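Chemist: Numbering (this note's numbering), first residue to last: 9 to 409.
Have a look at the structure that comes next, please.
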Amino acid sequence: MEELRERPGPPWRRWVERTGRGPAWRSALLVAVFTQIGSGWAGHAQSGRVPLDGVGRLLLLLGPALLVVRHRYPVAVAYGVSLVTLVYVGAGYPYGPVFLSLAVACFAAVVAGHRRAAWGAVGLLWAGHLLIGHWLYRWLPPAGDGPTPWAQEVGVTAWVLAVLTVAELVRVRREQWARERAERAAAERRRVDGERLRIARELHDVLAHSISVINVQAGVGLALLDSDPEQARTALATIKAASKEALGEVRQVLDTLRSPGEAPRSPAPGLDRLPELVEQAAAAGLTVDVAAEGEARALAPGMDLAAFRILQEALTNVMRHSGARTARIRLVWQPNALELRVDDDGPATGGSSVGSGNGLIGMRERAAALGGAVEAGPRPDGGFRVVAGLPLKADTSREDL
Numbered sequence: 009m010e011e012l013r014e015r016p017g018p019p020w021r022r023w024v025e026r027t028g029r030g031p032a033w034r035s036a037l038l039v040a041v042f043t044q045i046g047s048g049w050a051g052h053a054q055s056g057r058v059p060l061d062g063v064g065r066l067l068l069l070l071g072p073a074l075l076v077v078r079h080r081y082p083v084a085v086a087y088g089v090s091l092v093t094l095v096y097v098g099a100g101y102p103y104g105p106v107f108l109s110l111a112v113a114c115f116a117a118v119v120a121g122h123r124r125a126a127w128g129a130v131g132l133l134w135a136g137h138l139l140i141g142h143w144l145y146r147w148l149p150p151a152g153d154g155p156t157p158w159a160q161e162v163g164v165t166a167w168v169l170a171v172l173t174v175a176e177l178v179r180v181r182r183e184q185w186a187r188e189r190a191e192r193a194a195a196e197r198r199r200v201d202g203e204r205l206r207i208a209r210e211l212h213d214v215l216a217h218s219i220s221v222i223n224v225q226a227g228v229g230l231a232l233l234d235s236d237p238e239q240a241r242t243a244l245a246t247i248k249a250a251s252k253e254a255l256g257e258v259r260q261v262l263d264t265l266r267s268p269g270e271a272p273r274s275p276a277p278g279l280d281r282l283p284e285l286v287e288q289a290a291a292a293g294l295t296v297d298v299a300a301e302g303e304a305r306a307l308a309p310g311m312d313l314a315a316f317r318i319l320q321e322a323l324t325n326v327m328r329h330s331g332a333r334t335a336r337i338r339l340v341w342q343p344n345a346l347e348l349r350v351d352d353d354g355p356a357t358g359g360s361s362v363g364s365g366n367g368l369i370g371m372r373e374r375a376a377a378l379g380g381a382v383e384a385g386p387r388p389d390g391g392f393r394v395v396a397g398l399p400l401k402a403d404t405s406r407e408d409l
């Protein structure tokens with residue numbers, strides 16, 4: 009089975025899908041460098057705040073340092089960065105990129121599925137900032153500082169909501185793409201399973217029919233080897249022809265496995281080979297009467313193959329499980345369907361009389377794949393009957409072949 013390949017998406021999609029999966033230290037280092045440089049510039053621009061010192065620089069490094077383990081401990085990192093940021097703000101250091109660490113931590117928590125932790129960490133920062141800016145500022149540095157303007161609180165709130173919204177969008181998109189990938193993988197597995205089932209049906213139908221003919225003719229040859237050598241020779245010739253045909257069809261099926269993209273070397277069998285099927289049955293001692301009703305039409309290759317295989321398997325079951333020496337095939341061409349009917353007069357020589365073997369299962373699966381159905385069972389007057397109904401398209405034409 010070939011590995012499912014997916015075409016690469018746009019750069020922004022690849023970034024979203026890789027978020028939270030790459031090395032955390034790279035982005036943490038980038039945040040640390042940007043925070044240190046940006047906070048230094050902010051300190052020069054904000055004369056009313058406490059100048060950055062060693063403790064302030066350490067706090068600016070502590071937030072990015074926690075980000076290194078954010079993929080492993082997203083909840084703890086989100087709350088830890090929130091507390092570090094509150095300590096930094098409460099110490100009176102200048103505003104600036106210090107909030108970037110919390111944004112990255114909350115983003116990682118949301119993407120990892122811990123939305124409540126992200127909202128809790130952000131809520132902690134927001135509530136702490138309100139408390140510091142409107143009540144605790146009297147006892148905290150810098151000295152003589154006044155209450156924080158409400159416009160600044162609105163800006164902080166908008167920034168928090170923007171970060172959480174982007175994180176939620178990334179999480180939703182990643183989950184959606186993961187579902188799409190899973191659906192594509194499941195569809196590919198179903199396609200492969202269906203192909204395996206089709207090949208198994210083909211091999212079963214080919215081998216079951218041919219081996220049944222070979223088995224009957226081998227018995228005839230052994231029985232007549234001494235008394236009627238000429239008839240025994242005929243039986244051996246039939247065995248040779250049946251085995252050659254079976255080998256050819258098996259090779260055709262196996263070729264599709266070796267070269268799935270190439271066209272088959274020979275056309276798949278269809279109803280045009282029904283006379284050959286009748287001759288093989290006759291060689292095995294089964295007389296087959298074929299009749300048709302209605303106007304025959306060309307069938308699409310899949311429908312033609314299914315019709316042939318259903319008739320082949322029905323005759324094989326007669327040879328293997330019935331004591332009848334005659335069988336009747338009826339092709340009924342209806343306006344929108346083709347009915348295939350195979351009757352024998354019995355009696356059964358072994359096996360299930362209700363038709364629950366693999367052969368009948370294969371016939372039902374072939375018909376169901378085309379929207380049809382197969383019914384099989386004993387007839388009221390004795391014997392066995394197989395009836396298959398295959399729907400036909402109104403515009404079926406020779407061009408379909």
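Each residue gets a CB set at the ideal place from its N, CA and C atoms; glycine is no exception.
These figures come from a predicted structure and were not determined experimentally.
1. Ends of the beta strand (DSSP E) at residue 336?
2. In terms of DSSP beta bridges, what is residue 399 paired with?
3. If residue 314 and residue 375 are in contact, beta carbons under 8 Å, what's the gap, nearest whole angstrom?
4. Can you give, in chain order, each stretch of the alpha helix (DSSP H) that sits fully within the region 163-209 and has at least 4 residues?
5. According to DSSP, is residue 51 helix, strand or coil?
6. In this structure, how does DSSP classify residue 328 when only helix, strand and coil are distinguished?
7. Please determine, among 291, 95 and 389, the residue with the shortest C-alpha to C-alpha distance to residue 137.
8. Hey, quick one: how far does the beta strand (DSSP E) through residue 58 stretch, first residue to last?
9. What separation, rounded to the nearest whole angstrom, lies between the Cα atoms of residue 129 and residue 195?
10. Should residue 72 go down as buried or exposed, given a rule of 16 or more other Cβ atoms within 10 Å for buried?
11. Just to confirm my understanding: we take residue 298, look at its own chain, exclude 5 residues before and 5 after, and list those with CB closer than 7 Å. What are they?
12. State yes or no: is the C-beta of residue 339 within less than 8 Å of the C-beta of residue 294?
13. Less than 8 Å between the C-beta atoms of residue 354 and residue 392, yes or no?
14. Let me check one thing: in DSSP terms, what residues is residue 393 bridge-paired to?
15. Sorted by chain position, which residues of the same chain lie with C-beta nearer than 6 Å to residue 396's C-beta, five sequence neighbours on each side aside?
16. Using C-beta distances below 7 Å, list every residue in its chain close to residue 251, excluding the 5 sequence neighbours before and after it, in chain order.
17. So, at 8 Å on beta carbons, what are the nonlocal neighbours of residue 410 in its own chain, with the 5 sequence-adjacent residues on each side left out?
18. Pick helix, strand or coil for residue 362, following the three-state DSSP scheme.
19. Quick check: is the beta carbon of residue 106 nearer than 8 Å to any beta carbon in chain D?
20. Expressed to the nearest angstrom, what Euclidean distance is found between the alpha-carbon atoms of residue 77 and residue 144?
21. Quick one: what's got a C-beta closer than 6 Å to residue 50's C-beta in the same chain, skipping five residues either side?
22. Can you tell which of 169, 279 and 292 has its C-alpha closest to the C-alpha of residue 244?
23. Helix, strand or coil, according to DSSP, for residue 298 in the structure here?
24. Give me, in chain order, the residues of the same chain whose beta-carbon lies closer than 6 Å to that of residue 344; leave out the 5 immediate sequence neighbours on both sides.
25. Going by DSSP, what residue range makes up the alpha helix (DSSP H) through residue 379?
26. Using CA atoms only, rank isn't needed, just tell me which of 232, 120, 199 and 134 is closest to residue 178.
27. Are the beta-carbon atoms belonging to residue 193 and residue 115 less than 8 Å from one another?
28. Given a cut-off of 8 Å, decide if residue 309 and residue 276 are closer than it, judged by their beta-carbon atoms.
29. Report back the beta-carbon spacing between residue 141 and residue 155 to the nearest angstrom; my notes put them in contact at under 8 Å.
30. Excluding the 5 residues preceding and the 5 following residue 46 in the sequence, name in chain order all residues of the same chain whose CB lies nearer than 6 Å to its CB.
Modeler: So, from the listed chains and residues:
1. For the purposes of this step, residue 336 is taken as the residue at position 328 of the sequence shown. Unbroken beta strand (DSSP E) run through residue 336: 334-341.
2. Counting from one through the sequence shown, the residue named residue 399 turns up at place 391. Residue pairing of residue 399 in beta bridges, as defined by DSSP: 345.
3. Here residue 314 refers to the residue found at position 306 of the sequence shown. Here residue 375 refers to the residue found at position 367 of the sequence shown. In this structure, residue 314 and residue 375 form a Cβ contact; the two beta carbons are roughly 7 Å apart against a cut-off of 8 Å.
4. none
5. Working through the sequence shown from its first residue, we reach residue 51 at position 43. The answer is helix: DSSP assigns residue 51 an H, G or I state.
6. Working through the sequence shown from its first residue, we reach residue 328 at position 320. For residue 328, the secondary structure class from DSSP, reduced to helix, strand or coil, is helix.
7. As a working note, residue 137 is residue 129 in the sequence shown. Answer by Cα proximity: 95.
8. By 1-based counting over the sequence shown, the position of residue 58 is 50. That residue, residue 58, is in no beta strand (DSSP E); it is neither H nor E in DSSP.
9. By one-based count along the sequence shown, residue 129 stands at place 121. By one-based count along the sequence shown, residue 195 stands at place 187. Taken atom to atom, the span from the alpha-carbon of residue 129 to that of residue 195 is near 41 Å.
10. Taking the first residue of the sequence shown as position 1, residue 72 is located at position 64. So residue 72 counts as buried.
11. Position 290 of the sequence shown, counting from 1, holds the residue named residue 298. These residues qualify, in order along the chain: 282, 286 and 337.
12. For the purposes of this step, residue 339 is identified with residue 331 of the sequence shown, where counting begins at 1. For the purposes of this step, residue 294 is identified with residue 286 of the sequence shown, where counting begins at 1. No. Outside cutoff.
13. For the purposes of this step, residue 354 is taken as residue 346 along the sequence shown, with counting starting at 1. For the purposes of this step, residue 392 is taken as residue 384 along the sequence shown, with counting starting at 1. Taking 8 Å as the cut-off, the beta carbon of residue 354 is found closer than this to the beta carbon of residue 392.
14. Along the sequence shown, one-based indexing puts residue 393 at 385. BP columns for residue 393 point to 351 and 385.
15. Taking the sequence shown and counting its residues from 1, the one referred to as residue 396 is at position 388. The answer, listed in chain order, is 318, 348, 375 and 382.
16. Here residue 251 refers to the residue found at position 243 when the sequence shown is read from its first residue. Hits under 7 Å: 218 and 222.
17. Missing from the structure shown is residue 410; the chain here goes from 9 to 409 and no further.
18. Within the sequence shown, numbered from 1, the residue matching residue 362 stands at position 354. The pLDDT assigned to residue 362 is 40, lower than 50, so where the model puts this residue is not dependable; a value taken from the coordinates is nonetheless given after this. Note: residue 362 maps to coil in three-state DSSP.
19. Absent here is chain D; the protein component of the structure consists of one chain.
20. Counting from one through the sequence shown, the residue named residue 77 turns up at place 69. Counting from one through the sequence shown, the residue named residue 144 turns up at place 136. Spanning the two alpha carbons is a distance of roughly 32 Å.
21. Mapped onto the sequence shown, residue 50 falls at position 42. Excluding residues within five positions, the ones whose Cβ falls inside 6 Å are 102 and 104.
22. Counting from 1 along the sequence shown, the entry for residue 244 is found at position 236. Closest option to residue 244, Cα to Cα, is 292.
23. Indexing the sequence shown from 1 puts residue 298 at position 290. Strand at residue 298.
24. One-based indexing of the sequence shown puts residue 344 at position 336. Excluding residues within five positions, the ones whose Cβ falls inside 6 Å are 400.
25. Locating residue 379 in the sequence shown gives position 371, where the first residue counts as 1. Residue 379 -> no alpha helix (DSSP H), and no H or E assigned at all.
26. Mapped onto the sequence shown, residue 178 falls at position 170. Out of 232, 120, 199 and 134, 120 has the C-alpha closest to the C-alpha of residue 178.
27. Position 185 of the sequence shown, counting from 1, holds the residue named residue 193. Position 107 of the sequence shown, counting from 1, holds the residue named residue 115. It is not a contact, given that the beta carbons lie outside the stated cut-off.
28. Along the sequence shown, one-based indexing puts residue 276 at 268. Along the sequence shown, one-based indexing puts residue 309 at 301. Yes, these two residues count as a Cβ contact at 8 Å.
29. Position 133 of the sequence shown holds residue 141. Position 147 of the sequence shown holds residue 155. That pair is a contact at about 6 Å.
30. Along the sequence shown, one-based indexing puts residue 46 at 38. Scanning its chain for C-beta atoms nearer than 6 Å, with the 5 sequence neighbours on each side dropped, one finds around residue 46 the residues 104 and 105, in chain order.
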